[in-house]
Amino acid sequence: MPLNIIGEEAKKMGYLRKGKMTIERILKNPSYVGMVYARAFKEHPGGLFPARHEPLIDLTTWEMVQNKLRRPEKTRTIFDENIPLRGILKCHCGQPLTGAPSRGKAGRYYYYYKCKLPRHSNISAIKAHDQMLGITELMSLEGSDVKYIKETIEKGLDKEAVLNKKAIVGKREELDSVQDKLNAVEEKFISDQITRETYDRWTSNYNSQIFSLKAAIQRMGTDINKAFKILARHIDLLTDMKHVYTASDLLGKREFVKLVFDSNLYYFEGIYRTPTMLQMFDHNALKMKDQSQKLWSRNDFSVAKHIVELVYTGRIQCF
Numbered sequence: 003m004p005l006n007i008i009g010e011e012a013k014k015m016g017y018l019r020k021g022k023m024t025i026e027r028i029l030k031n032p033s034y035v036g037m038v039y040a041r042a043f044k045e046h047p048g049g050l051f052p053a054r055h056e057p058l059i060d061l062t063t064w065e066m067v068q069n070k071l072r073r074p075e076k077t078r079t080i081f082d083e084n085i086p087l088r089g090i091l092k093c094h095c096g097q098p099l100t101g102a103p104s105r106g107k108a109g110r111y112y113y114y115y116k117c118k119l120p121r122h123s124n125i126s127a128i129k130a131h132d133q134m135l136g137i138t139e140l141m142s143l144e145g146s147d148v149k150y151i152k153e154t155i156e157k158g159l160d161k162e163a164v165l166n167k168k169a170i171v172g173k174r175e176e177l178d179s180v181q182d183k184l185n186a187v188e189e190k191f192i193s194d195q196i197t198r199e200t201y202d203r204w205t206s207n208y209n210s211q212i213f214s215l216k217a218a219i220q221r222m223g224t225d226i227n228k229a230f231k232i233l234a235r236h237i238d239l240l241t242d243m244k245h246v247y248t249a250s251d252l253l254g255k256r257e258f259v260k261l262v263f264d265s266n267l268y269y270f271e272g273i274y275r276t277p278t279m280l281q282m283f284d285h286n287a288l289k290m291k292d293q294s295q296k297l298w299s300r301n302d303f304s305v306a307k308h309i310v311e312l313v314y315t316g317r318i319q320c321f
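Residue numbers for the sequence shown follow the working numbering, beginning at 3 and rising by one.
Structure follows, in structure tokens:
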């Protein structure tokens, strides 16, 4: 959820402070998790240390929020249809390869992937792309494998749906309880049994809990069957991975390569190399070596769902 939307919801709950950074400062404040930040002093290191007060939220939730707030380092990559792997494919030294056209003797331009370091990789884009097509063709799954993936995901979704239904019942009961407490505070304030300060403090607390509970109920109430129908409609694409790759737009190709090779695709001595290819696609590893690809596997079936998402969002046009 964007920070500006969180800010709007906070205003509805009575948060009056203004400013672009106020919500972000609150989310980054370690006090809410029972911690305090101390600066380094002489031989004593700085950092976060346990405070005396009780935490309002658990550490796991707070750390998840911090991960979302961290801004990734910006790397400038100019996208070009002629060199879709620029910035993704890496040299053996670990540097992401750049790409640029080079003019031949006849005046025609040829594209190359190049390393910034001297005397390192200088790869013909035509050769690299032909090798990649051969690899994607060998990634294609057998019909029996696709059936197994479909059945596995279906079982997982059914189990998740049952768990979500039980959790929703508990969350709704908790929501009703908090709503009753909020109503009780409002009645006490109307009858002058509590001060305005007490009223504001408790209503803010209860409204915050209500907002969190409603968000959790909405999240768990998402129609899982809809997701499975989308998956079932397009899962046969896994039997033709070459088509999945070639039919993708530029961003889709980049997403495909990053996902399948876990952003660990290298090129050295005329062949692709990776330590982290998804296991579901490495069944033809020996044949891939003949296609200039050396592989080590990594087990992860979530790629099936992700590829379907690429189709569903329009990045891959297969129809």
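In this text, a Cβ means the ideal position worked out from N, Cα and C, and glycines have one as well.
Residue 105 carries a strand assignment under DSSP once its states are collapsed to helix, strand and coil. In this chain, residue 35 is not harboured by any alpha helix (DSSP H), its DSSP state being neither H nor E.
Residue 280 carries a strand assignment under DSSP once its states are collapsed to helix, strand and coil.
Apart from the 5 residues on each side of it in sequence, residue 16 sits with its Cβ closer than 6 angstroms to the Cβ of 206 in its chain, given in chain order.
Close CB contacts of residue 166 within its chain, under the 6 angstroms cut and outside five residues either way in sequence, are with 222 (chain order).
Contact between residue 240 and residue 159 does not hold, since their C-beta atoms are separated by about 17 angstroms, which reaches or exceeds 8 angstroms. Under DSSP, residue 116 forms a beta bridge with 100, 124.
When the Cα atoms are used, residue 201 and residue 68 turn out to be separated by approximately 31 angstroms.
For residue 49, there is no enclosing alpha helix (DSSP H); the enclosing beta strand (DSSP E) covers residues 49-52. Annotation for residue 258: the continuous alpha helix (DSSP H) segment containing it runs 252-262. For residue 70 and residue 111, the gap between their C-alpha atoms comes out near 42 angstroms. Comparing alpha carbon positions, the residue from 31, 6, 30 closest to residue 20 is 6.
Nearest Cα to residue 235 within the set 149, 286, 107, 192: 149.
Counting only the Cα atoms, residue 290 lies some 23 angstroms from residue 237. With contacts defined as CB atoms closer than 8 angstroms, residue 94 and residue 268 qualify as a contacting pair. Residue 97 is a Cβ neighbour of residue 119, given a cutoff of 8 angstroms. Straight-line spacing of the CA atoms in residue 88 and residue 242 works out to 24 angstroms.
DSSP places residue 201 in the uninterrupted alpha helix (DSSP H) bounded by 198-222. Under DSSP, residue 273 shares a beta bridge with 270. With respect to residue 280, residue 262 sits close: the two C-beta atoms are nearer than 8 angstroms. In its chain, beyond the 5 residues on either side, 187 have a beta carbon closer than 7 angstroms to the beta carbon of residue 204. Excluding its 5 nearest sequence neighbours in each direction, residue 83 has C-beta neighbours in its own chain below 7 angstroms: 252, listed in chain order. Non-local beta-carbon contacts of residue 218 in its own chain, meaning distances under 6 angstroms to residues more than five positions away in sequence, involve 173 in chain order. For residue 106, the CB contacts under 8 angstroms within the same chain, skipping 5 residues up- and downstream, are 112 in chain order. For residue 188, the enclosing alpha helix (DSSP H) covers residues 145-192.
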